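Chemist: Below you will find the structure I want to go over with you.
2 protein chains.
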Amino acid sequence: MSAGPLIASVAAVIGDPARANMLSALMDGRARTARELGEIAGVAPATASGHLSRLVDASLVEVRQQGRHRYFTLSAADVADALETLMSLAQRTGAMPSRGGPRDAALREARICYDHLAGEKGVRLLESLSRRGLVAQSGERVGPTEAGRAHLGALGIDLAALGRARRPLCRLCLDWSERRMHLAGALGAALLDRMLVQGWLRRGEGRVLRFTPPGLRAFEAAFPD
Amino acid sequence: MSAGPLIASVAAVIGDPARANMLSALMDGRARTARELGEIAGVAPATASGHLSRLVDASLVEVRQQGRHRYFTLSAADVADALETLMSLAQRTGAMPSRGGPRDAALREARICYDHLAGEKGVRLLESLSRRGLVAQSGERVGPTEAGRAHLGALGIDLAALGRARRPLCRLCLDWSERRMHLAGALGAALLDRMLVQGWLRRGEGRVLRFTPPGLRAFEAAFPD
DNA sequence: GCCACGTTTCGGTTATGACCGAAGCATGTC
DNA sequence: GACATGCTTCGGTCATAACCGAAACGTGGC
Chain W
989 MSAGPLIASV AAVIGDPARA NMLSALMDGR ARTARELGEI AGVAPATASG
1039 HLSRLVDASL VEVRQQGRHR YFTLSAADVA DALETLMSLA QRTGAMPSRG
1089 GPRDAALREA RICYDHLAGE KGVRLLESLS RRGLVAQSGE RVGPTEAGRA
1139 HLGALGIDLA ALGRARRPLC RLCLDWSERR MHLAGALGAA LLDRMLVQGW
1189 LRRGEGRVLR FTPPGLRAFE AAFPD
Chain E
989 MSAGPLIASV AAVIGDPARA NMLSALMDGR ARTARELGEI AGVAPATASG
1039 HLSRLVDASL VEVRQQGRHR YFTLSAADVA DALETLMSLA QRTGAMPSRG
1089 GPRDAALREA RICYDHLAGE KGVRLLESLS RRGLVAQSGE RVGPTEAGRA
1139 HLGALGIDLA ALGRARRPLC RLCLDWSERR MHLAGALGAA LLDRMLVQGW
1189 LRRGEGRVLR FTPPGLRAFE AAFPD
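Going down the list, the sequences are from chains W and E. For the working numbering, add 988 to where a residue sits in the first sequence, where the first one is 1. For the working numbering, add 988 to where a residue sits in the second sequence, where the first one is 1.
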């Protein structure tokens, strides 16, 4: 099969622990310097440089120079998609040891996946919108319904502005911890941004997102079970 | 990030060309012997044996012995998911050279993804059902509506029997060639099986599915644009 | 201009993993 | 039982890739 070597080429890039650590760190949507990524990966700066060069060559990350610093970001959301899918597979196949602990629970509850909400709360968000007919699959893709446009507008989302961007409005992203879909795309990103601005939640360490008590109440009111 | 090495462990298994070729070959849902997979991968039997052992250890494939033959299959649909996601990523990042040709066109039109219909026709199937309100996201997951149950029943699908299995009825699977979702899960598999039994389409080489002229007309009537 | 710092390049080390042929074991056929 | 075939194991080869320290280059601050 001609697909084999091509799959292998991208998987091999991801398949090094240091590089996977770097990619995983970038899933929180933050830009990070080569130094930071080298520290995260636990390798020397020279080694980090080689790995980052490999990731850039593979178009999995992008780099922007600011003075002496080089900032790296994931090149697109589909890299995060692939990583979440691989995490899900690793979990199912037992490569991922079962671990409890607050860190894992926090990640499972709410975490950032590139630029949108993931985890239990991310899944809840999509399912609440969907169950109430505010978001539906409308032929070509998932999108807000008429009722949904009003509801999202009331939440402070400017759908007209989002619609003008080239980016797909809604995308479904397989959630690693929940094994169900959460909402990605421009709308997913806008919703997370809005929740951050409103103070419903704050960024925690790494990819953890933490709801404030009033923020959680507001979230549950906006996206009821 | 603790997720890094775990992602890497599964990606590294996929990241060898010979193993990726084997996995890709198994995406058509057929069981294959070690000899066949070695030939597909273009390596010696001894090497194939080592690779297959690695894939089994990683729980990406399962093996069943029948006399002197050992038959290998993908261990679950999520392996196919991961492979499709990686293919999609490889395409976007340019690791996959742009190639035309009848083989690629045939794969793009209709192919088997583990046990369900993928490609243009697979995407059309899901989008047709969804647009006509026959399948919808119903809170926890995508499933048939009341109207959909009747429609699918008329197509010869026994939804009651499918519902009794542990397997999720509907699952969304990101389609490599179309970059949109197609229908997986028990229903996706049942629909493909039904179409094969009805002679709407036949299996071609590898993962290619070929519609018969009457089958194509029936498909288009059942799943209109 | 000097120094500190971030980053990359260079040269070398070393472990690993894919490769193969040969041999051994198990199954199937006559 | 003899032979053929499928598959795995063993022992060896060799290319590669990750690793590091040192040096070089570029940017920023004083």
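We treat Cβ as the ideally placed atom computed from N, Cα and C, and that holds for glycine. The model shown is predicted, which means the values in this text are computed figures rather than measured ones.
What residue range does the alpha helix (DSSP H) around residue 1014 of chain E cover?
Modeler: Residue 1014 of chain E -> alpha helix (DSSP H) spans 1005 to 1014.
Chemist: Please state if the CB of residue 1107 of chain E and the CB of residue 1096 of chain E are separated by a distance shorter than 8 Å.
Modeler: Taking 8 Å as the Cβ cut-off, residue 1096 of chain E and residue 1107 of chain E qualify as a contacting pair.
Chemist: Compare the Cα-Cα distances from residue 1062 of chain W to each of W/1047, W/1073, W/1053, W/1028 and report the closest residue.
Modeler: Among W/1047, W/1073, W/1053, W/1028, the Cα nearest to that of residue 1062 of chain W is on W/1047.
Chemist: Please report the residue range of the beta strand (DSSP E) in which residue 1067 of chain E lies.
Modeler: It is not in any beta strand (DSSP E) - residue 1067 of chain E instead sits in the alpha helix (DSSP H) that spans 1065 to 1081.
Chemist: Out of W/1207, W/1075, W/1193, W/1072, which has the shortest C-alpha to C-alpha gap to residue 1140 of chain W?
Modeler: Residue W/1207 is the option with its Cα nearest to residue 1140 of chain W.
Chemist: In terms of alpha-carbon separation, which member of W/1172, W/1105, W/1119 lies closest to residue 1189 of chain W?
Modeler: The residue with the shortest Cα to Cα distance from residue 1189 of chain W is W/1105.
Chemist: Classify residue 1030 of chain W as buried or exposed, calling it buried when 16 or more other Cβ atoms lie within 10 Å of its own Cβ.
Modeler: Burial call: exposed.
Chemist: For the stretch 1048 to 1074 of chain W, which residues have a CB atom closer than 8 Å to at least one CB atom of chain E, in sequence order?
Modeler: If the cut-off is 8 Å between Cβ atoms, the stretch 1048 to 1074 of chain W has 1048, 1063, 1064, 1066, 1067, 1069, 1070, 1071, 1073, 1074 near chain E.
Chemist: Drop a sphere of 10 angstroms on the beta-carbon of residue 1039 of chain E, count the other beta-carbons inside from all chains shown, and report buried for 16 or more, exposed for fewer.
Modeler: With 16 or more other Cβ atoms within 10 Å, it is buried.
Chemist: Going along chain E in order, which residues have a C-beta closer than 7 Å to the C-beta of residue 1012 of chain W?
Modeler: By Cβ distance, chain E contributes 989, 991, 992, 995.
Chemist: Give me the chain W residues within the contact set of residue 1169 of chain E, using Cβ-Cβ distance strictly less than 8 Å, ordered along the chain.
Modeler: Those are 1160, listed as they occur along chain W.
Chemist: Say whether the stretch 1009 to 1016 of chain E touches the stretch 1009 to 1018 of chain W, bearing in mind that this needs 3 or more beta-carbon pairs closer than 8 Å, one atom from each stretch.
Modeler: Judged by Cβ distances under 8 Å, the stretch 1009 to 1016 of chain E makes no contact with the stretch 1009 to 1018 of chain W, as fewer than three pairs qualify.
Chemist: Measure the alpha-carbon distance for residue 1000 of chain E versus residue 1181 of chain E and round it to whole angstroms.
Modeler: C-alpha separation (whole angstroms): 33 Å.
Chemist: Taking the alpha-carbon positions, what's the residue 1136 of chain E to residue 1112 of chain E distance?
Modeler: Whole-angstrom Cα-Cα distance: 16 Å.
Chemist: How many whole angstroms separate the CB atoms of residue 1004 of chain E and residue 996 of chain W, which I take to be in contact at a CB cut-off of 8 Å?
Modeler: Indeed, because the Cβ distance is near 6 Å, the residues count as touching under 8 Å.
Chemist: With H, G and I counted as helix, E and B as strand and the rest as coil, what does DSSP make of residue 1172 of chain E?
Modeler: Strand at residue 1172 of chain E.
Chemist: Any beta carbon from chain E within less than 8 Å of residue 1244 of chain W's own beta carbon?
Modeler: It is not possible to answer for residue 1244 of chain W, since the shown part of chain W is limited to 989 through 1213.
Chemist: Please compile the residues from chain E whose C-beta is within a distance smaller than 7 Å of the C-beta of residue 998 of chain W.
Modeler: Those within 7 Å of residue 998 of chain W in chain E are 1074, 1077, 1078, 1081, 1083.
Chemist: Can you give me the start and stop residues for the alpha helix (DSSP H) that residue 1211 of chain E sits inside?
Modeler: Looking at the DSSP string, residue 1211 of chain E is not in any alpha helix (DSSP H), and its letter there is neither H nor E.
Chemist: Determine, for residue 1008 of chain E, whether the minimum Cβ-Cβ distance to residues of chain W falls below 8 Å.
Modeler: Yes - at least one Cβ of chain W is within 8 Å of the one on residue 1008 of chain E.
Chemist: Hey, could you find the ends of the alpha helix (DSSP H) residue 993 of chain W is sitting in?
Modeler: Per DSSP, residue 993 of chain W belongs to the alpha helix (DSSP H) from 991 to 1002.
Chemist: With DSSP as the reference, label residue 1145 of chain W as helix, strand or coil.
Modeler: It is coil, neither helix nor strand.
Chemist: Given that a residue counts as buried once 16 or more other Cβ atoms are within 10 Å of its Cβ, and exposed if not, what is residue 1118 of chain W?
Modeler: Result: buried.
Chemist: Tell me whether residue 1176 of chain E is buried or exposed, calling it buried when 16 or more other Cβ atoms sit within 10 Å of its Cβ.
Modeler: With 16 or more other Cβ atoms within 10 Å, it is buried.
Chemist: Between E/1132, E/1100, E/1049, E/1166, which lies nearest to residue 1002 of chain E when the distance is taken from Cα to Cα?
Modeler: Residue 1002 of chain E has its Cα closest to that of E/1049, out of E/1132, E/1100, E/1049, E/1166.
Chemist: Please list, in chain order, all residues of the same chain as residue 1028 of chain E whose beta carbon is under 8 Å from its beta carbon, the five residues on each side excluded.
Modeler: Cβ neighbours of residue 1028 of chain E beyond the five flanking positions: 1009, 1010, 1013, 1020.
Chemist: Here's the rule I'm using: 16 or more other beta-carbon atoms within 10 Å means buried, otherwise exposed. How should residue 1098 of chain E be labelled?
Modeler: The residue is buried, with at least 16 neighbouring Cβ atoms inside 10 Å.
Chemist: Based on the DSSP secondary-structure assignment, which residues constitute the bridge partners of residue 1050 of chain E?
Modeler: Paired residues: E/1061.
Chemist: Which residue wins for smallest C-alpha separation from residue 1164 of chain W, given the options E/1122, E/1066, E/1060?
Modeler: Nearest C-alpha to residue 1164 of chain W: E/1066.
Chemist: Between W/1025, W/1007, W/1123, W/1103, which lies nearest to residue 1196 of chain W when the distance is taken from Cα to Cα?
Modeler: Of the candidates W/1025, W/1007, W/1123, W/1103, the one whose C-alpha sits nearest the C-alpha of residue 1196 of chain W is W/1103.
Chemist: Taking the CB atoms as reference points, tell me whether residue 1064 of chain W and residue 1167 of chain E lie closer together than 8 Å.
Modeler: No, they are not a contact pair.
Chemist: Return the CA-CA distance between residue 1159 of chain W and residue 1172 of chain W, expressed in angstroms with no decimal places.
Modeler: Using only the alpha carbons, I get a separation of about 5 Å.
Chemist: Using a Cβ-Cβ distance under 8 Å, would residue 1172 of chain E count as near chain W?
Modeler: For residue 1172 of chain E, the answer is no, since every Cβ of chain W falls outside 8 Å of its Cβ.
Chemist: According to DSSP, is residue 1122 of chain W part of a helix, a strand, or is it coil?
Modeler: Note: residue 1122 of chain W maps to coil in three-state DSSP.
Chemist: Which residues in the same chain as residue 1007 of chain E place their Cβ atom closer than 8 Å to its Cβ, once the five residues preceding and following it in sequence are excluded?
Modeler: Excluding residues within five positions, the ones whose Cβ falls inside 8 Å are 1001, 1029, 1039, 1042, 1043.
Chemist: Taking CB distances under 8 Å as the criterion, tell me whether residue 1100 of chain E reaches chain W.
Modeler: Not an interface residue.
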